[in-house]
Structure formats: structure tokens, C-alpha cells
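Residue numbers (this note's numbering): 42 to 144. Glycine is no exception: its CB is placed at the ideal position from the N, C-alpha and C atoms. These numbers come from a predicted model, not from an experiment.
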């Protein structure tokens with residue numbers, strides 16, 4: 042899992058693929074790699090993200106795609122700072138192992 046900014050002007054770039062809007066990073070949000078994004082079929086649906094380090098799980102809403110066709114890895118769950126906080130993780134680490142499933 043990596044950390045992403047979903048608000049205007051942050052590292053996430055433009056508005057989300059699912060609804061063309063920016064989103065508040067205080068919300069539980071996720072972007073999935075292209076294959077997992079599945080052509081948008083998971084848009085606005087909830088996924089369960091579980092930290093393999095802390096064992097905590099949270100629900101996050103899929104709002105964007107992490108485009109694997111443009112150089113991004115194909116196994117990334119990119120989430121808001123709220124997800125990191127709820128999982129008890131430090132965003133300064135940059136990348137942590139997680140598992141995820143449809144909720």
C-alpha cells in the first residue's frame with residue numbers, strides 16, 4: 042500500500058477516475074492498480090484493507106485508478122492518509138504490505 046493525496050493540488054494528480062471529483066483525505070479512500078480497478082467495476086464500492094503489520098482492517102471506498110499502463114506497478118493499493126491512520130501506520134514509511142478484498 043502507498044499513500045496518495047485525493048485533494049486538489051496533491052500528489053494524486055487530477056480528479057478521481059470514478060466520479061471526476063477531488064475527495065477529502067480525511068475520508069477512507071483508495072485507488073487500485075489497473076487490473077484490480079477492473080475497468081471501473083469497483084468504482085465507489087468498498088474494499089477491506091488489512092495491514093499485515095498491525096492486523097487492523099478498515100473499509101475504504103474505491104474512487105480512483107492507479108494506472109499500471111503508464112509505468113505504475115500492477116499490485117498497488119493507494120490510499121488516503123485516513124486509511125493509514127486507522128491502520129496505525131506511519132505515512133512517512135511510504136509503502137507497507139497489506140491485503141485487501143471486496144467488502
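ask   = Between residue 47 and residue 134, is the Cβ-Cβ spacing less than 8 Å?
value = Reading the chain shown from its first residue, position 6 is the one you call residue 47. Reading the chain shown from its first residue, position 93 is the one you call residue 134. Not in contact: residue 47 and residue 134 (Cβ atoms no closer than 8 Å).
task = Give every residue of the same chain whose Cβ lies closer than 6 Å to the Cβ of residue 141, excluding the five residues on either side of it in the sequence, and list them in chain order.
result = In the chain shown, residue 141 corresponds to position 100, counting from 1. Contacts found: 88, 90 and 118.
ask   = Quick one: what does DSSP say residue 75 is sitting in, helix, strand or coil?
value = The count along the chain shown starts at 1 and reaches residue 75 at position 34. Note: residue 75 maps to helix in three-state DSSP.
inquiry  = If you measure between the beta carbons of residue 85 and residue 121, is that distance less than 8 Å?
reply    = Taking the chain shown and counting its residues from 1, the one referred to as residue 85 is at position 44. Taking the chain shown and counting its residues from 1, the one referred to as residue 121 is at position 80. It is not a contact, given that the beta carbons lie outside the stated cut-off.
task = Indicate the three-state DSSP secondary structure (helix, strand or coil) for residue 123 in the structure shown.
result = Taking the chain shown and counting its residues from 1, one reaches residue 123 at position 82. Helix, per DSSP.
key: Coarse secondary structure for residue 137, derived from DSSP in three states   = Here residue 137 refers to the residue found at position 96 of the chain shown. Residue 137: coil per DSSP, three-state reduction.
ask   = How would you write the range of the beta strand (DSSP E) that residue 89 sits in, first residue to last?
value = Taking the chain shown and counting its residues from 1, one reaches residue 89 at position 48. Taken as a continuous stretch (DSSP letters only), the beta strand (DSSP E) holding residue 89 covers 87-92.
ask   = Is residue 132 helix, strand or coil by DSSP?
value = As a position in the chain shown, residue 132 is number 91, starting the count at 1. The answer is helix: DSSP assigns residue 132 an H, G or I state.
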